[in-house]
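A short worksheet on the structure shown next.
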Amino acid sequence: MIPTLDDRQKLFRRHFLFSDVAEETLERLAGLSTVVPLKRGDVLFYRGDEGDALYAVYEGTVRISIVGPDGKEVSLNLMEPGDFFGEIALLDGLSRTADARAAEDTTLVRLPREPFMALLDDEPRIMRNIIDMLCEMLRNSAEDIADAAFLDLRARLAKWLLELGISHGETTESGTFIRLRQSQTDLAQLLGVTREAVNKQLKSLEREHMIRLERGHITVLSRAKLLAIANPDSDPDRTAR
Numbered sequence: 029m030i031p032t033l034d035d036r037q038k039l040f041r042r043h044f045l046f047s048d049v050a051e052e053t054l055e056r057l058a059g060l061s062t063v064v065p066l067k068r069g070d071v072l073f074y075r076g077d078e079g080d081a082l083y084a085v086y087e088g089t090v091r092i093s094i095v096g097p098d099g100k101e102v103s104l105n106l107m108e109p110g111d112f113f114g115e116i117a118l119l120d121g122l123s124r125t126a127d128a129r130a131a132e133d134t135t136l137v138r139l140p141r142e143p144f145m146a147l148l149d150d151e152p153r154i155m156r157n158i159i160d161m162l163c164e165m166l167r168n169s170a171e172d173i174a175d176a177a178f179l180d181l182r183a184r185l186a187k188w189l190l191e192l193g194i195s196h197g198e199t200t201e202s203g204t205f206i207r208l209r210q211s212q213t214d215l216a217q218l219l220g221v222t223r224e225a226v227n228k229q230l231k232s233l234e235r236e237h238m239i240r241l242e243r244g245h246i247t248v249l250s251r252a253k254l255l256a257i258a259n260p261d262s263d264p265d266r267t268a269r
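In terms of the working numbering, the sequence shown opens at residue 29 and continues consecutively.
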């Protein structure tokens, strides 16, 4: 399905940068954007390519990855419908830091850099949002470094499940339903461990009735227990079960 201008306005509204701008600004953004259809396996860009646009996923999935000197590919993220990527390249115009490839048939919305930068002259609110976004990125980077240094795999998995539940989960009677697009191999690469180690820890969380594993999805049964693992200093009574 090809997104209409109205669809693109709604998509941009979901991004923090544009969440509080006027409707007229969203119309301008949608008018500047183009639609990029990809087939499964198509490469959108390679690491080192010019960073000339912001992308939003309308349908499908895009895998963000890097290839090491030994030729091994490491998945960094999977971008799903509603996700945006390429914010830094949109701002500085420097080269891409990773590869982007369609993991399935995908439709993207592309916002080119040059007209966007011209738009900023008329939109100081977006500039303030950019500053906030960059500050959040710095905080998240510092937190990721701390997690890698101080949290064990069980804690990092618990934190990943909690964050995934917030961003992509659906509330059900039994808990938070999360449809998975990442394989355990993908997750292991993201966490820097083996697939077997990830599988072992997920099975352990299931035995302790914190999650339920089923093909293609996970249901979080107790956010409070996961929070206690991810952050022992937190107060579980403040977290919904």
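Glycine residues also receive a C-beta, built at the ideal position from the N, C-alpha and C atoms.
Length of the line joining the Cα atoms of residue i and residue j
i	j	result
Gln-37	Leu-106	23 Å
Ser-202	Glu-142	48 Å
Pro-264	Leu-254	Bear in mind that a pLDDT of 47 at Pro-264, under 50, signals an unreliable position, so the number given afterwards is only what the model happens to contain. Roughly 9 Å between the two C-alpha positions.
Leu-33	Glu-198	27 Å
Gln-217	Val-102	6 Å
Asp-70	Leu-39	23 Å
Gly-96	Glu-78	20 Å
Cys-163	Leu-233	33 Å
Arg-269	Arg-251	Low confidence applies to Arg-269: its pLDDT is 41, below 50, so where it sits in the model is not reliable, and the reading given next is rough at best. Each residue's alpha carbon lies about 5 Å from the other.
Ser-93	Glu-224	21 Å
Thr-267	Ala-128	Its pLDDT being 43, under 50, Thr-267 is placed unreliably by the model, and nothing is read from it.
Gly-244	Leu-230	14 Å
Leu-215	Leu-72	22 Å
Arg-240	Ile-194	17 Å
Leu-54	Leu-192	28 Å
Leu-121	Thr-247	Note on identity: in this sequence residue 121 is Gly, with Leu being the wrong assignment. Cα to Cα, Gly-121 sits roughly 40 Å from Thr-247.
Val-64	Pro-31	10 Å
Ala-58	Ile-116	20 Å
Leu-166	Leu-190	21 Å
Arg-124	Ile-159	21 Å
Arg-56	Arg-42	16 Å
Asp-98	Leu-147	42 Å
Asp-150	Leu-118	17 Å
Ala-273	Glu-52	Nothing can be reported for residue 273: it is not among the residues displayed for the chain, which extend from 29 to 269.
Met-144	Phe-205	The displayed chain sequence assigns Phe, not Met, to residue 144. Cα-Cα distance, rounded: 37 Å.
N-terminal and C-terminal residue of the alpha helix (DSSP H) that residue i is part of
i	result
Leu-208	Unbroken run through Leu-208: none, as it is neither H nor E.
Glu-51	51-60
Phe-44	Here Phe-44 belongs to no alpha helix (DSSP H), and DSSP marks it neither H nor E.
Range of the contiguous beta strand (DSSP E) that encloses residue i
i	result
Asn-227	Element bounds for Asn-227: not the beta strand (DSSP E) but the alpha helix (DSSP H), 223-235.
Ile-257	Ile-257 -> not in any beta strand (DSSP E); alpha helix (DSSP H) instead, spanning 251-258.
Leu-122	Counting along the chain, Leu-122 falls outside any beta strand (DSSP E), and DSSP gives it neither H nor E.
Ser-93	90-95
Ser-103	101-107
Thr-247	245-248
Arg-240	239-242
Glu-78	Here Glu-78 belongs to no beta strand (DSSP E), and DSSP marks it neither H nor E.
Cβ-Cβ distance between residue i and residue j below 7 Å
i	j	result
Ala-126	Arg-209	no
Gln-212	Val-226	yes
Asp-175	Arg-184	yes
Val-49	Arg-156	no
Asp-133	Lys-67	yes
Ala-258	Ala-170	no
Nearest-angstrom Cβ-Cβ length linking residue i and residue j, presumed shorter than 8 Å
i	j	result
Met-161	Phe-46	With a Cβ gap of about 11 Å, Met-161 and Phe-46 do not count as contacting.
Ala-131	Val-85	Ala-131 to Val-85, Cβ: 10 Å. No contact.
Leu-82	Leu-136	Between Leu-136 and Leu-82 the Cβ distance is about 10 Å, and since that is not below 8 Å, they are no contact.
Glu-108	Met-29	Not really, about 16 Å apart at Cβ, beyond 8 Å.
Leu-219	Leu-181	7 Å
For a minimum of 4 consecutive residues, which ranges assigned as the alpha helix (DSSP H) are wholly contained in the segment 129-181? 141-148 and 152-178
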